[in-house]
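What follows is one structure encoded as structure tokens, with my remarks underneath.
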Amino acid sequence: MDRILIRGGRPLRGTVQVRGAKNSALPLMAASILAEEACTLHNIPCLHDVFTMDKLLSSFGAKIEFTGRYMTIDASTLDNFVAHYDLVRKMRASFFVLGPMLARFQKARVSLPGGCAIGTRPVDIHLKGLEAMGANIAIEDGYVIAEGALKGVDFSLDFPSVGATENLLMAASRARGVTRLNNVAREPEIVDLAHFLNAMGAQISGAGTDLITIVGVDALGGTEHVVIPDRIETGTFLIAGMATGGDVTVQNANPDHLPTFLNKLRDAGGEVEVHGTRIRAAAKNGLKGVDITTQPFPGFPTDLQAQMMSMLCLAQGVSVMRESVFENRFMQVAELIRMGADIDLDGTAAIVRGVNGLSGAPVMASDLRASAALVVAGLSAAKGETSIARVYHIDRGYERIEERLASLGADIERVRD
Ligand code: EPZ
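Residue numbers (this note's numbering): 26 to 442.
Printed below as a string of structure tokens:
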């Protein structure tokens, strides 16, 4: 197992290129199941989760070529309709194959994804929506068995779930008739998926708002598509720059995907400049405590809560951070306290009191974004060395993070145990 070693206290300076969005690439790859012809995706990030989705689609019989950041997926003839537990348990996004598989083949058998470190992660909204569209859903031996022809329906989601919106959007694109999905997620990844499906011949309108209308079509063809930039990776690098007292510019980003987050960086003392697709952040006069509540888009992204907390550990004053999207997303707190942070947990809120500095320590990664938070903390720890174990959590969502941080001046290396 790899570890990452960081000797902190060095301000990060310079420019880094953001990669394609993991949380867009994964549903886009699943959506290719709907196409009767090959699809090509550009700007695909080189991440473990992408390799897992590649393996899953290949297990259905899809033919995939993945070189560099370019991927062609030919799902025109699939011969297996079972998504096995050993793949789905590794990556929850595997569940996104259910909607497209059912819509195109009227049958699918997908393992329930199970929980993970940040919560039980139920899929009840996904299943209720598919049942409303006419699917017969049964749960047997930990698998969802779905069958039946889908028809258009008016359906309101109990919560604007990103994954449920994506599954239902893909299913409705091939259902018979018109589907109106209400109270849907409005994340940029939903809009990216709708663009991709429409380019395949779907008839979707309203993506990015809380009501999406889909007129089902009989078949979808192949297309080419460029994956949007990763807004969470963008935010992670900007936070790392400010937390270390540096000055970092992220290139090829999309500032419209981070409205609330960029304002919160400014509230925390950041000078944030946006020039087209370049975003620069620096905190020359130190950091200030800010209150944050995570929300579905366009609110503050839950996927940047942990990294922001690491930065706010060093701010002047107190920050109250509330996690409203997941039930257990403060996994980073115990490890940050071991590094000298002053944080109290009170239910779904974390009270973060700024301290003068953090100290390096051996810490354990637990989930993707909590691990990124430990990297930020290690980079800003003025004293000592931070050793982060179970780095595979980070590799799921960040491409060669140690090389890219080193290019900004970090003293960081990956060691193989
Ligand atoms: C997506 O997960 C992202 N993953 C997550 O990013 C992200 O944190 C999350 O959306 C919220 O933005 C991918 O896109 C691959 P949800 P998803 O369904 O779809 C509850 C990362 O770090 N819920 O919007 O699983 C659920 O329990 C990952 O990149 C139900 O109750 O998130 C949670 O509390 C982590 N029933 C809330 O909704 C359901 O049927 C939000 O979940 C579905 C969800």
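Using N, Cα and C, we set each Cβ at its ideal position, and we do this for glycine too. Since the model is a prediction, treat every value here as computed from it, not as a measurement.
Within the same chain, Ala293, Leu312, Lys313, Gly314 and Gly379 come within 7 Å of Ala340 by CB-CB distance, once the 5 residues on both sides are set aside.
At a cut-off of 3 residues, the continuous stretches assigned as beta strand (DSSP E) that sit fully inside the segment 297 to 355 are 303 to 307 and 343 to 347.
In this structure, the straight-line span from the alpha carbon of Gly247 to that of Lys408 is close to 54 Å.
In this structure Ser230 is not in contact with Ala210, their Cβ atoms being roughly 16 Å apart against a cut-off of 8 Å. The Cβ neighbour count for Phe180, taken over all protein chains shown within 10 Å, is at least 16; the residue is labelled buried. Every alpha helix (DSSP H) stretch that sits fully inside the segment 200 to 233 and reaches 4 residues is listed by chain position as 213 to 224. Between the alpha carbons of Asn192 and Asp149 lies a distance of about 12 Å. Rounded to whole angstroms, the Cβ separation of Ala375 and Phe355 is 6 Å, and the two are in contact under 8 Å. Of the candidates Asp442, Gly124 and Asn207, Gly124 places its Cα closest to the Cα of Val169. Close CB contacts of Ala197 within its chain, under the 6 Å cut and outside five residues either way in sequence, are with Thr204 and Ile239 (chain order). Residue state for Ala50 is assigned as helix, using DSSP reduced to three classes. Uninterrupted alpha helix (DSSP H) stretches at least 4 residues long and entirely within the segment 412 to 439 occur at 417 to 420 and 426 to 431, given in chain order. Within 10 angstroms of the beta-carbon of Asp442 lie fewer than 16 other beta-carbons, which makes it exposed. For Gly188, the enclosing alpha helix (DSSP H) covers residues Val187 to Ser198. Rounded to whole angstroms, the gap between the alpha carbons of Ala402 and Ile98 is 39 Å.
Here the segment 51 to 63 lies against the segment 89 to 108, with 3 or more beta-carbon pairs under 8 Å apart.
Taking a contact to require three or more Cβ pairs closer than 8 Å, the segment 135 to 147 and the segment 112 to 119 qualify as touching. The segment 88 to 97 makes contact with the segment 70 to 80: 3 or more CB pairs, one atom from each, lie closer than 8 Å.
Listed in chain order, the beta strand (DSSP E) elements of length 3 or more contained wholly in the segment 234 to 274 are 236 to 240 and 249 to 251.
The Cβ atoms of Ala160 and Lys176 lie no closer than 7 Å to each other. Looking at the backbone, the Cα of Leu206 and that of Ser391 are separated by about 34 Å. Counting only runs that start and end inside the segment 32 to 99, the beta strand (DSSP E) elements of at least 3 residues fall at 38 to 42, 64 to 67, 88 to 92 and 95 to 99. Under the DSSP assignment, Asp371 falls in the beta strand (DSSP E) whose first and last residues are Asp367 to Asp371. Contact annotation: Thr269 and Ser384 have beta-carbon atoms that are not nearer than 7 Å. From the listed residues Gly422, Ala414, Asp436 and Leu433, the smallest Cα separation to Arg28 is found for Ala414. In the three-state DSSP reduction, Pro387 falls in the strand class (E or B). For a cut-off of 8 Å, the C-beta gap from Leu399 to Val388 is around 5 Å, short enough to register as a contact. By alpha-carbon distance to Ile426, the top candidate from Arg32, Leu72 and Cys64 is Leu72. Not one heavy atom of the ligand EPZ is found less than 6 Å from the C-beta of Phe355. In this structure, the alpha-carbon of Asn310 lies about 8 Å from that of Gly295. The C-beta of Ile368 has 16 or more other C-beta atoms within 10 Å across all chains shown, which makes the residue buried. Under DSSP, no beta-bridge partner is assigned to Tyr110.
In the structure shown, Ala171 adopts extended strand secondary structure according to DSSP, grouped into three states.
Between Arg363 and Ala395, the C-beta spacing is not below 7 Å. In the displayed model, Val148 falls within coil according to three-state DSSP, outside both helix and strand.
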